[in-house]
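Residue numbers (my numbering): 9 to 147.
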């Protein structure tokens with residue numbers, strides 16, 4: 009069943025403007041069009057949009073995503089390239105997870121710090137332990 013741009017946008021949680029942008033950037037070269045020029049999205053197109061959004065959220069650039077869509081169009085001849093790309097994405101996302109966990113640990117510490125200071129009515133309760141002192145930058 010073909011979807012209009014509005015329906016496709018709703019299915020993947022994007023706006024029609026974003027889908028038009030992706031098309032203009034060459035990320036959707038496989039789209040069919042009506043005689044009027046309106047874009048038609050298939051179930052396969054919706055699946056590809058979900059992959060594109062995942063890659064975008066992982067920090068991949070439009071240029072890199074375009075390369076991926078070109079590899080997809082090549083079929084089996086590009087399996088190794090696509091696999092390598094996802095291995096690289098995996099490393100990148102794992103590093104982001106580590107960094108975010110460190111940030112979350114710091115934020116949790118600050119929540120504890122302020123919660124106990126509020127309960128005590130002063131943050132001076134932390135001044136005896138330098139490891140729990142005041143406002144340290146998030147590193």
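C-beta atoms are modelled at their ideal positions from N, C-alpha and C, and glycine is treated no differently.
Just so you know, these numbers come straight off a predicted model, no measurement behind them.
The DSSP assignment places 51 to 65, 70 to 82 as complete runs of the alpha helix (DSSP H) inside the segment 46 to 93, in order along the chain (cut-off: 4 residues). The segment 65 to 73 and the segment 86 to 100 touch, with no fewer than 3 CB-CB distances between them shorter than 8 Å. Under a 10 Å Cβ-count criterion, residue 77 is classified as buried, with 16 or more other Cβ atoms of the shown protein chains found around its own Cβ. Under the three-state reduction of DSSP output, residue 43 falls in the coil class, being neither helix nor strand.
For residue 24, the enclosing alpha helix (DSSP H) starts and ends at 24 to 32. Following the DSSP letters along the chain, one finds residue 133 in no alpha helix (DSSP H), marked with neither H nor E. Residue pairing by DSSP places residue 11 opposite 49 in a beta bridge. In this structure, the alpha-carbon of residue 117 lies about 23 Å from that of residue 102. Residue 47 is classed as buried because its beta carbon has at least 16 other beta carbons within 10 Å across all chains shown. With a cutoff of 9 Å on beta-carbon distance, residue 49 and residue 73 are scored as not near each other. Residue environment: residue 60 is assigned as buried (16 or more neighbouring CB atoms within 10 Å of its CB, all protein chains considered).
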